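In the working numbering, the protein residues as written are 1 to 197.
Pasting the structure below:
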């Protein structure tokens, strides 16, 4: 799995201020309204896919592509609202972006045993430890995002270390969502780094 949010050489101060004061109007409201309903459909597909994996060991590919597209859409919106990119997020599960990419290879087979284990004990070995770590990571990300905002306002540049940390946080969240949604059997690492790093 690869989640990348490309850092720009320069950021628009005007776009930053526009997003800060009016982003709720032209980004949050239209995207989150649609994402609410699309996510309900995603939950229905996830329920059906659970049974498909249980009986066949395979996640239906059309369902899988939809779920990855939904993760990607959420990430594009979060990256824009988090000022990691000046690019306006495209709508839809098939939307593309020049700066935000979520790549998850389709698994030919998934383990029925891991599916059942995750369903019965996932709260113990997955949700609690990752949830606690992500809680503190998100607090730190909020502080970093606040500091980065001021740096961009005064310099037009997003500090590379800040950008890397915030991108890593989104990467962790996507991995969390992919594992929780039965899209992969690979237990997510407690890290925001790319897996090949």
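All C-beta atoms, glycine included, are put in the ideal place defined by N, C-alpha and C. Just so it is clear, the structure is predicted and the values come from calculations on it, not from any experiment.
Residue j beta carbon less than 8 Å from that of residue i
i, j, result
"residue 85", "residue 8", "yes"
"residue 148", "residue 74", "no"
"residue 144", "residue 11", "no"
"residue 67", "residue 45", "yes"
"residue 102", "residue 79", "no"
"residue 190", "residue 59", "no"
Residue of the options minimising C-alpha distance to residue i
i, options, result
"residue 6", "46, 112, 163", "163"
"residue 180", "71, 96, 142", "71"
"residue 69", "158, 90, 152, 80", "90"
Residue i burial status per 10 Å Cβ neighbour count (16 or more: buried)
i, result
"residue 41", "exposed"
"residue 172", "buried"
"residue 111", "exposed"
"residue 120", "exposed"
Any non-hydrogen atom of the ligand FAD closer than 7 Å to residue i Cβ
i, result
"residue 10", "The ligand FAD is absent from the structure shown, which contains no ligand whatsoever."
Decide yes or no for the touch test of the segment 60-76 against the segment 108-126: beta carbon pairs closer than 8 Å, at least 3 of them.
no
Where in the segment 122-162 do unbroken runs of the beta strand (DSSP E), each at least 3 residues long, occur, reported from the N-terminal end onward?
none
Quick check on the DSSP output: what are the complete alpha helix (DSSP H) runs of length 4 or more inside the segment 11-87, in order along the chain?
13-23, 29-56, 61-81
So does the segment 176-188 actually touch the segment 8-28, counting three or more Cβ pairs closer than 8 Å?
no
Which ranges would you report for the alpha helix (DSSP H) in the segment 94-126 if only whole runs of at least 4 residues count?
112-122
Decide yes or no for the touch test of the segment 48-58 against the segment 127-141: beta carbon pairs closer than 8 Å, at least 3 of them.
no
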